[in-house]
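Peer 1:
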Amino acid sequence: MFNTIKILTLSAVLATTSFAASAATVYSASTMAGGAGGIGLTNPAGNGSIYALDANAYPILAGPYFNGTTDPASQWVWAAPDSPALSQALQFVFSFTLAAQDLARATLTGVWAVDNEADVYLNGHLIDQLLGDVSSSFNQLHDLADLGWLQAGENVLSFDARNIGGDPTSANPAALLASVKIDVAPVPLPASLPLLGGALAAFGFVASRRKRSV
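Quick note: the sequence shown uses my numbering, first residue 1102, plus one each step.
Structure, rendered in structure tokens:
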């Protein structure tokens, strides 16, 4: 009876053990000077036109702009070192590929902020936007999520940013900050495997007992 209880207990433990592996980050990207973080500039020019804003030459970074850290690390960027242009529209883009077998287990998450405003699209679908000349758009981070718009094959995440306000007689600040990750969860352990493991353990236990009794 004692042996039977041990066998049943071992089988139950194996049958209820969960698959504990964590999700793996397969892609990450952020806004960095020269597009070094993976988020590039497609309109109106290439990555060579992406400048990180210098806090010394651009004092606003020491004030209302978010000045914390992100993962992956990011910088406030624009298409000029001091972003003086008025009514300027820029498109920042990150492209990545997902295998069909990973799609159901993939998620995109991230944070972002902008001065003045932007629409964020994933594969042509709007997933977030910050509108107007509002300080909350740039003095804090805002969460991003894929909202179910990931797809097998090529994916395109775009930030359509605009500089809309300011005094036309002086410099008009504008900047974008973004940091994103694409994670793929592990393949769930099939329900039959723990049961099979329990059966094999039980057979091994019985065989061992029989061998010792011979």
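Where a beta carbon is used, it is the ideal one built from N, C-alpha and C, also for glycine.
If you reduce the DSSP assignment to three classes, tell me which class residue 1273 lands in.
Peer 2: On the sequence shown, residue 1273 is found 172 positions in, with the first residue counted as 1. Three-state DSSP puts residue 1273 in coil, outside helix and strand.
Peer 1: Quick one: Cα of residue 1242 to Cα of residue 1209, how far?
Peer 2: Indexing the sequence shown from 1 puts residue 1242 at position 141. Indexing the sequence shown from 1 puts residue 1209 at position 108. If I take the Cα positions, the gap works out to 16 Å.
Peer 1: Suppose the cutoff is 7 Å on Cβ atoms and the five residues either side in sequence are ignored; what does the same chain contact list for residue 1257 look like?
Peer 2: By one-based count along the sequence shown, residue 1257 stands at place 156. Closer than 7 Å at the Cβ level, and outside the excluded window around residue 1257, lie 1194, 1196 and 1224.
Peer 1: Could you tell me whether the region 1225-1241 touches the region 1140-1154, using the rule of 3 or more Cβ pairs below 8 Å?
Peer 2: No, the region 1225-1241 does not touch the region 1140-1154.
Peer 1: In terms of alpha-carbon separation, which member of 1263, 1192, 1154 and 1143 lies closest to residue 1168?
Peer 2: Within the sequence shown, the letter at position 67 stands for residue 1168. Taking only the C-alpha atoms, the option nearest residue 1168 is 1154.
Peer 1: According to the Cβ coordinates, are residue 1220 and residue 1275 closer than 8 Å?
Peer 2: Within the sequence shown, numbered from 1, the residue matching residue 1220 stands at position 119. Within the sequence shown, numbered from 1, the residue matching residue 1275 stands at position 174. For residue 1220 and residue 1275, no; Cβs fall outside 8 Å.
Peer 1: Between residue 1200 and the rest of its own chain, which residues show a CB-CB distance below 6 Å, the 5 nearest in sequence each way excluded?
Peer 2: Here residue 1200 refers to the residue found at position 99 when the sequence shown is read from its first residue. Around residue 1200: no qualifying Cβ.
Peer 1: What is the C-beta distance between residue 1245 and residue 1211, in whole angstroms, given that I count them as a contact (C-beta under 8 Å)?
Peer 2: Here residue 1245 refers to the residue found at position 144 of the sequence shown. Here residue 1211 refers to the residue found at position 110 of the sequence shown. Indeed they touch by this definition, with Cβ atoms about 4 Å apart.
Peer 1: Compute the Euclidean distance between the alpha carbons of residue 1166 and residue 1144, then round it to the nearest angstrom.
Peer 2: For this step, residue 1166 is matched to residue 65 along the sequence shown. For this step, residue 1144 is matched to residue 43 along the sequence shown. In a straight line, the C-alpha of residue 1166 is about 24 Å away from that of residue 1144.
Peer 1: What ranges does the beta strand (DSSP E) occupy inside the region 1161-1238, keeping only unbroken runs of at least 3 residues that lie completely in it?
Peer 2: Listed in chain order, the complete beta strand (DSSP E) runs (minimum 3 residues) inside the region 1161-1238 are 1189-1199, 1207-1216, 1218-1223 and 1226-1231.
Peer 1: Take the Cβ of residue 1202 as the centre, count every other Cβ of all protein chains shown within 10 Å, and call the residue buried at 16 or more, exposed below.
Peer 2: Numbered from its first residue, the sequence shown carries residue 1202 at position 101. Classification of residue 1202: exposed, given that the 10 Å Cβ count is below 16.
Peer 1: Looking at the strands, I want to know which residues DSSP matches up with residue 1144.
Peer 2: Taking the sequence shown and counting its residues from 1, one reaches residue 1144 at position 43. DSSP, once it has assigned bridges, lists 1192 as partnering residue 1144.
Peer 1: Roughly how far, in whole angstroms, is the beta-carbon of residue 1260 from the beta-carbon of residue 1277, given that I think they are within contact range, below 8 Å?
Peer 2: Taking the first residue of the sequence shown as 1, we reach residue 1260 at position 159. Taking the first residue of the sequence shown as 1, we reach residue 1277 at position 176. Confirmed, Cβ separation roughly 6 Å.
Peer 1: Between which two residues does the beta strand (DSSP E) carrying residue 1126 extend?
Peer 2: Stepping through the sequence shown from its first residue, residue 1126 is reached at position 25. Its beta strand (DSSP E) spans residues 1125-1131.
Peer 1: Run through DSSP, which three-state label would residue 1286 get?
Peer 2: Numbered from 1 along the sequence shown, position 185 holds the residue referred to as residue 1286. Three-state DSSP puts residue 1286 in coil, outside helix and strand.
Peer 1: Suppose the cutoff is 6 Å on Cβ atoms and the five residues either side in sequence are ignored; what does the same chain contact list for residue 1133 look like?
Peer 2: Numbered from 1 along the sequence shown, position 32 holds the residue referred to as residue 1133. Cβ within range, chain order: 1176.
Peer 1: Take the Cβ of residue 1164 as the centre, count every other Cβ of all protein chains shown within 10 Å, and call the residue buried at 16 or more, exposed below.
Peer 2: Translated into the one-based positions of the sequence shown, residue 1164 becomes position 63. Exposed, since its Cβ has fewer than 16 Cβ neighbours within 10 Å.
Peer 1: What did DSSP end up calling residue 1246 once you bin it into helix, strand or coil?
Peer 2: Numbered from 1 along the sequence shown, position 145 holds the residue referred to as residue 1246. DSSP places residue 1246 in strand when its eight states are reduced to three.
Peer 1: Give a yes or no on whether the C-beta atoms belonging to residue 1282 and residue 1129 are separated by under 8 Å.
Peer 2: Mapped onto the sequence shown, residue 1282 falls at position 181. Mapped onto the sequence shown, residue 1129 falls at position 28. Against a cut-off of 8 Å, the Cβ pair of residue 1129 and residue 1282 comes out as a contact.
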